[in-house]
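The structure is reproduced here in structure tokens:
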């Protein structure tokens, strides 16, 4: 059985917790796209962790944690996370890195920083983790796969060829110091020695595991609206954040993915630039940010305050449709208990017309939210484990969202810990 855990919106929906929870009954967890530019926050018996590359199954004994070939692999960050959780008492996770996975190079991070500086106010709000330059090189066929670390003669030749172009750009476009070939080669040899024990044929491993009836959990990063094809282009990430890409990254057939858990937040939040129709500002946003999540709404990677907004039914319906949702999961409902009234964005007004269809970016930038106000429940619901015991107004809020997005909500998260989950029949 292959399952996927993905986000419906801008990311930061709480996927890490849901993956961590589902991993209890999984044999393998695979990170299938993205890089260390976004984090999954997990709270369990070992403590609180922000994982950026290491799969969220790392806290479950017996689970094999795989890095699929669709990931932008920052080797230093992956191994730093691996060693950090061990230092905090977590048993050493079983880790397998695809030999076809490509590596985030030091110059990818530099180009990310330099380009954001050059663009100034027109920048994309990048986390400066090298993700866009990485994927650009991957599709320009000048990226480095992990397997190339083990062919030193050809690696030297390729480094020389690639740096001829990179250094021209660095010197002439950005006015910075060129990259030294030998230093880069030495760094890659350091990576080879560190990553060697974990490298393997992930595709073959997963193919055989599925044939044996193992449970495989695919873990996505960010959400539908940050997908490079289906998101709010160009203010997107540089990979495909949808469950369908899980088949590409793992080499499993697309029909293998039987269950898709699409995680949605009980309100909206986003990090970075781009259209955000239901956004709120000022004190109202700060109050929601303060109450949200576990310790507030701040990026797990950057620490930046997240942009806040009311639940967006239009964006969420679209996000769930694109993901192919079989199970919708609603998170951080407990964060809204402070509100007397809760607004929900049910439609957009664009050029005087009302629509419930999610538009392309040019339409999105002109869209105004059509809001409906619902009564709040004004109490702390954390610790409640049965749906019927939730306050009536809380249940009405959840059922209103279900009706508007057209997808049944099967799981409800009402707290940061793994056990703070309500199963809704």
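Numbering (this note's numbering), first residue to last: 63 to 487. For glycine and all other residues, C-beta sits at the position ideal for the given N, C-alpha and C.
beta-carbon residue i near the ligand ZN non-hydrogen atom, thresh 7 angstroms
{"i": "residue 449", "result": "This structure lacks the ligand ZN, and indeed carries no ligand of any kind."}
Residue i versus the options, residue with shortest Cα-Cα distance
{"i": "residue 151", "options": "192, 116, 180, 109", "result": "109"}
{"i": "residue 458", "options": "341, 438, 250", "result": "438"}
{"i": "residue 335", "options": "318, 342, 294", "result": "294"}
{"i": "residue 166", "options": "201, 141, 206", "result": "206"}
{"i": "residue 517", "options": "478, 99, 89", "result": "No information on residue 517 is available, as it lies outside the stretch 63 to 487 that the chain covers here."}
{"i": "residue 478", "options": "270, 162, 393", "result": "393"}
{"i": "residue 489", "options": "306, 148, 203, 455", "result": "No statement about residue 489 is possible, as the shown extent of the chain runs from 63 to 487 and does not include it."}
{"i": "residue 145", "options": "163, 176, 465, 111", "result": "111"}
{"i": "residue 225", "options": "170, 274, 256", "result": "170"}
{"i": "residue 425", "options": "242, 432, 410", "result": "410"}
{"i": "residue 121", "options": "136, 132, 316, 143", "result": "143"}
{"i": "residue 200", "options": "380, 240, 241, 131", "result": "131"}
{"i": "residue 82", "options": "461, 104, 65, 444", "result": "104"}
{"i": "residue 433", "options": "277, 281, 376", "result": "376"}
{"i": "residue 296", "options": "74, 422, 78", "result": "422"}
{"i": "residue 287", "options": "278, 300, 277", "result": "300"}
{"i": "residue 157", "options": "282, 89, 304, 337", "result": "89"}
{"i": "residue 289", "options": "384, 180, 395", "result": "384"}
{"i": "residue 267", "options": "217, 313, 359, 486", "result": "313"}
{"i": "residue 180", "options": "155, 232, 198", "result": "232"}
{"i": "residue 346", "options": "329, 238, 444", "result": "329"}
{"i": "residue 481", "options": "461, 487, 444", "result": "444"}
{"i": "residue 450", "options": "487, 272, 252, 182", "result": "487"}
{"i": "residue 462", "options": "76, 417, 379, 414", "result": "379"}
{"i": "residue 337", "options": "223, 420, 202", "result": "420"}
{"i": "residue 265", "options": "311, 126, 416, 292", "result": "311"}
8 angstroms CB neighbourhood of residue i in its chain, flanking five on each side removed
{"i": "residue 254", "result": "211, 212"}
{"i": "residue 342", "result": "350, 370, 371, 372"}
{"i": "residue 80", "result": "67, 323, 325, 391, 393, 473, 475"}
{"i": "residue 446", "result": "452, 476, 484"}
{"i": "residue 263", "result": "160, 161"}
{"i": "residue 115", "result": "93, 97, 98, 129, 133, 135, 136, 139, 140, 143"}
{"i": "residue 190", "result": "171, 174, 175, 178"}
{"i": "residue 339", "result": "371, 374, 376, 377, 407, 410, 426, 429, 430, 431"}
{"i": "residue 84", "result": "65, 67, 279, 323"}
{"i": "residue 309", "result": "315, 316, 318, 319"}
{"i": "residue 87", "result": "277"}
Exposure label - residue i; buried when at least 16 CB within 10 Å
{"i": "residue 71", "result": "buried"}
{"i": "residue 235", "result": "exposed"}
{"i": "residue 441", "result": "exposed"}
{"i": "residue 149", "result": "exposed"}
{"i": "residue 368", "result": "buried"}
{"i": "residue 258", "result": "exposed"}
{"i": "residue 107", "result": "exposed"}
{"i": "residue 281", "result": "buried"}
{"i": "residue 153", "result": "exposed"}
{"i": "residue 359", "result": "buried"}
{"i": "residue 240", "result": "exposed"}
{"i": "residue 304", "result": "buried"}
{"i": "residue 227", "result": "exposed"}
N-terminal and C-terminal residue of the beta strand (DSSP E) that residue i is part of
{"i": "residue 324", "result": "319 to 327"}
{"i": "residue 147", "result": "That residue, residue 147, is in no beta strand (DSSP E); its alpha helix (DSSP H) goes 137 to 149."}
{"i": "residue 238", "result": "No beta strand (DSSP E) contains residue 238, which DSSP labels as neither H nor E."}
{"i": "residue 132", "result": "That residue, residue 132, is in no beta strand (DSSP E); it is neither H nor E in DSSP."}
{"i": "residue 393", "result": "389 to 393"}
{"i": "residue 109", "result": "109 to 113"}
{"i": "residue 69", "result": "64 to 69"}
{"i": "residue 158", "result": "156 to 160"}
{"i": "residue 332", "result": "330 to 332"}
{"i": "residue 485", "result": "483 to 485"}
Own chain residues within Cβ distance below 6 angstroms of residue i, not counting five before or after
{"i": "residue 353", "result": "397, 400"}
{"i": "residue 134", "result": "97, 166, 193, 196"}
{"i": "residue 387", "result": "322, 324, 469"}
{"i": "residue 74", "result": "331"}
{"i": "residue 455", "result": "437, 439"}
{"i": "residue 163", "result": "129, 131, 133, 135, 208"}
{"i": "residue 230", "result": "none"}
Beta-carbon contacts of residue i that lie in its chain and below 7 angstroms, excluding the five residues immediately before and after
{"i": "residue 382", "result": "70, 324, 390, 467, 469"}
{"i": "residue 404", "result": "398, 436, 438, 459"}
{"i": "residue 221", "result": "243, 246, 247"}
{"i": "residue 464", "result": "470, 471"}
{"i": "residue 78", "result": "102, 103, 104, 113, 118"}
{"i": "residue 256", "result": "137, 141"}
{"i": "residue 250", "result": "211, 217"}
Host alpha helix (DSSP H) of residue i (start-end)
{"i": "residue 309", "result": "306 to 312"}
{"i": "residue 347", "result": "344 to 353"}
What runs of the beta strand (DSSP E), each 3 residues or longer, lie entirely inside the segment 396 to 471? 403 to 412, 415 to 417, 430 to 437
Ranges of the beta strand (DSSP E) found wholly within the segment 73 to 102, counting only runs of at least 3: 90 to 93
Can you give, in chain order, each stretch of the beta strand (DSSP E) that sits fully within the segment 363 to 387 and has at least 3 residues? 369 to 371
Give, in chain order, every unbroken run of the beta strand (DSSP E) that is at least 3 residues long and sits entirely within the segment 201 to 285. 278 to 285
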